[in-house]
Amino acid sequence: MTSAIRPFRLGLLSALLAACASSTPPVPEAAPVAPAPPSEVKAAPAPLRITVVGTNDLHGWVMPSRATLPDGTGVDQGGLATLAGYVSILRAENPDGVLLLDGGDLFQGTLASNLTEGEVVISAMNTLAYDASALGNHEFDYGPVGPRSVALDGDDPFGALKARIAQARFPVLGVNVTDSQTGAIPTWLGNEGMRLVERRGVRIGILGLATPHTPQVTNPVNVASLRFAPLAQSALAAAQALRARGAEVVVAVAHAGAVCKRQDDPRDASSCDRGDSEIVELLETLPEGTLDAVVAGHTHQPVGHFIRGTPVIETSGRGRAFGLVELFVDPVTRKVLPEQTVLQGSIPVCARMDATLGTCDERKLKAAKSLELVPATFRGRPVVADAAMESQLTAAFARVEQEQKRSLGVRVPTALTRNYDAESTLGNVLADALREVSATDVAVINSGGLRADLPAGELTYGAFYEVLPFDNTLAVITVSAAELRKLLEAGYGRKGVLQVSGLKVRVELCNGASRLTSVTLPNGKPLPANKRFRVAMPDFLARGGGGLEDVLKTLAPGSIDLGERQALTLRDALVEHWKTRGKPLAAPALGRIQRDTATAGCPAEAAGKP
């Protein structure tokens, strides 16, 4: 959106010459003195416009997401070929003035991405000519090059990521990520966590930030040699260094985000919860003006707010939307003019949109009484998908389409849905299957590991892959009743819940997080004090992910079997189990996780990060 620039003009000045009074009679032959011609003052030069386009949390969704409306109409949202059409309009509108950035988590989430270890994603982003991306926690998920997602002895834990960084024609930035041995940014990142570019003659510094919680939200073993420093001190030092090198504007790409409950007024950030928002905490800590804009990620929430004067954009991810910040720089002072900044937090990426609503957002379309889908427009121009990229992606999809559509011979009578903060039908089915396939007493699975709902109908490999895209193995730990309780206390003492099988738990909601208040057997009886429990879980948890690290360190040697030498991933083990069992995936009744709201005595530290 272009702000109107109103140049000002000074009024014309004219000099009036007065005849000098004299006692001497005037000389009649003298020619009259003509007034000086008026002179115009030149208009002030127009501000220089910088268009910042931001995406985040792509998670491999280079293709569109398809929604089926109540009348059976299919509507696509997202896709990088369609996004290219929007970016093309912006680049034509502001030549040499567009900065295309991403807030991280490029990979992990689709079969097309995972089978190529992110190659298809980087290829498409290269075509779009991204300028930089933040280093997301899921960038580490692939581990070494090849089928193993966890580095064993002799493996390079960054092998797959190094290959993608070498492929990318843009830097992946993490200024707060250092090697634990040297204390420096790892050489394989190939940068200092920041870069300088020029747009419209304006020198722009870009710095990257990774969430300090990365070891808890990727497989910890893959990042064991790295340290993730607090955001504020790293951002301030990097911004100062960039300005010392001549940066006139500084923009951060951060795999750290915000949660803002209201979207109606970008100047009102009162609904942006500090406890859920690393970016809000960051900007409240930094001196005002340290950053001129932030492209955020990680929380998968639409954000388009000025936080202490700094514009912040974020979307729900999966390539379905982008954010936009228009900065205007005074050509004389070389400073951003904050009163002219224009902000849009989440613009849907549509090939077709409803003629009245002007969107392809699934939620809005499903609520509409009638629809008329027409080709999408943006800023008065038709959105034209990039044909070359569509062809490029079609070739990539062809390699995985057969695998995506492969039927598993298992029926899902009704859709199984996930819930990050509470018990879910999908969580119950998966936890039960995990316990059955491992023949254990208990099974737990982290809600954050469930990335999609499972639709009703014949189960396909592609649909289940979207549910469990991580190449985890099946791990089993053996613990006492007291150790099991400590494990659950750690798992529930943060955002999100553990889905369980073989237990009944009660949790209390505290400061937006949960904490365990009781655990029993499914029949309500206490846990036998002298029993040793075998507990199945994804190896992500058994390696200390999800906040379990401190408890696991206290277990006796030999208590943890990580399943590293298994031939099958956890996902494929469950598929084989269901195929052998030959029964529909029917959800058991809810009631394993009961939730209460705390009224007193709720510790402030319970509000952990997701």
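Per this note's numbering, the very first residue in the sequence shown carries number 5; after that it's consecutive. Note that beta-carbon positions come from the ideal geometry of N, C-alpha and C, so glycine has one too.
- The C-beta separation of Q570 from L478 comes to about 7 Å, placing the pair in contact by the 8 Å criterion.
- Apart from the 5 residues on each side of it in sequence, V483 sits with its Cβ closer than 8 Å to the Cβ of L491, R536, F537, V539, L559 and S563 in its chain, given in chain order.
- Distances from the CA of A133 to each of L211, L513, I311 and G58 were compared; the closest alpha carbon is that of G58.
- I597: member of the beta strand (DSSP E) spanning I597 to T601, first to last residue.
- If only uninterrupted beta strand (DSSP E) runs of at least 3 residues are considered, those enclosed by the stretch 313-374 are 314-318, 325-333, 346-352 and 356-358.
- According to DSSP, residue pairing for G461 in a beta bridge involves V416.
- Within the same chain, and ignoring the five residues on either side of R249 in sequence, the residues whose Cβ sits closer than 8 Å to its Cβ are L200 and G209.
- Under the three-state reduction of DSSP output, T584 falls in the helix class.
- L115 is positioned such that its CB atom lies closer than 9 Å to that of V404.
- In the DSSP assignment, I54 falls within the unbroken beta strand (DSSP E) covering L52 to T59.
- For N450, the enclosing beta strand (DSSP E) begins and ends at V446 to N450.
- With contacts defined as CB atoms closer than 9 Å, T319 and D80 fail to qualify as a contacting pair.
- Within the stretch 494-518, the runs of beta strand (DSSP E) at least 3 residues long that lie entirely inside it are, in chain order, 502-505 and 508-514.
- CA-CA distance, S69 to G83, rounds to 7 Å.
- A distance below 8 Å between beta-carbons, with the five flanking residues on each side excluded, links G78 to the following residues of its chain, in chain order: R70, A71 and T72.
- For H259, the beta-bridge partners assigned by DSSP are A214.
- Following the DSSP letters along the chain, one finds R231 inside the beta strand (DSSP E) bounded by residues L230 to F232.
- The shortest CA-to-CA distance from T120 to any of L104, A419 and D145 is the one to D145.
- Per DSSP, M129 has no beta bridge partner at all.
- Rounded to the nearest angstrom, the gap between the Cα atoms of V102 and V56 is 6 Å.
- With a contact defined as Cβ atoms closer than 8 Å, L211 and V176 miss out at about 12 Å.
- Here the C-alpha atom of V388 lies approximately 5 Å from the C-alpha atom of G89.
- In the three-state reduction of the DSSP assignment, T573 falls in the coil class, being assigned neither a helical nor a strand state.
- In the structure shown, the three-state DSSP call for H302 is coil.
- Counting along the chain, no alpha helix (DSSP H) covers I311; the unbroken beta strand (DSSP E) around it starts and ends at V307 to I311.
- Nearest Cα to G453 within the set S92, A443, Y469 and E462: Y469.
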